[in-house]
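Chemist: Residue numbers (the numbering used here): 60 to 191.
Glycine residues also receive a C-beta, built at the ideal position from the N, C-alpha and C atoms.
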């Protein structure tokens, strides 16, 4: 009887935790996010009020469109196409993929940049929301 009771409590607790974990709403992330990578590159991510339009901007450069490719829990996976590299002058990033974990007005995550001439750069980033 006791093992059955303990199993029931464990399952009920796990179910309650899973039920309370909701997927992030993109519109809840609206605003301007200031982000910095572990390699020292600063950028700004802007998210539209409805959460459907995302852009990435480096200082002195035009914004780059970001596409949300997946989301779940506290995480959003973003991808960008071709743009001139900030870290490797003269090279082109063919694909940038970022996984951001959002908690309130803070974000942390990882990125992976693929280069036209070969090579991949992996790193981390963190940032805060400056405006909503």
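Looking at C-alpha atoms only, which residue of 169, 177 and 162 is the closest neighbour of residue 138?
Modeler: Position 79 of the chain shown, counting from 1, holds the residue named residue 138. It is 169.
Chemist: Does the distance from the CB of residue 118 to the CB of residue 130 come in under 9 angstroms?
Modeler: Position 59 of the chain shown, counted from the start, is the residue given in the question as residue 118. Position 71 of the chain shown, counted from the start, is the residue given in the question as residue 130. Contact flag unset, no.
Chemist: By DSSP, does residue 85 sit in helix, in strand, or in coil?
Modeler: Position 26 of the chain shown, counting from 1, holds the residue named residue 85. In the structure shown, residue 85 sits in a helix (DSSP, three-state: H, G or I).
Chemist: Inspect the beta-carbon positions of residue 98 and residue 155 and report whether they are closer than 9 angstroms.
Modeler: Locating residue 98 in the chain shown gives position 39, counting from the first residue. Locating residue 155 in the chain shown gives position 96, counting from the first residue. No. Outside cutoff.
Chemist: To which residues of the same chain is residue 123 closer than 6 angstroms at the C-beta, ignoring the five residues directly before and after it?
Modeler: Start at 1 with the first residue of the chain shown, and residue 123 comes out as number 64. Closer than 6 angstroms at Cβ, skipping near neighbours: 115, 139 and 142.
Chemist: For residue 150, which residues of its own chain have a beta-carbon under 8 angstroms away from its beta-carbon, when the five flanking residues on both sides are left out?
Modeler: Position 91 of the chain shown holds residue 150. Correct list, in chain order: 143, 144, 174, 175 and 176.
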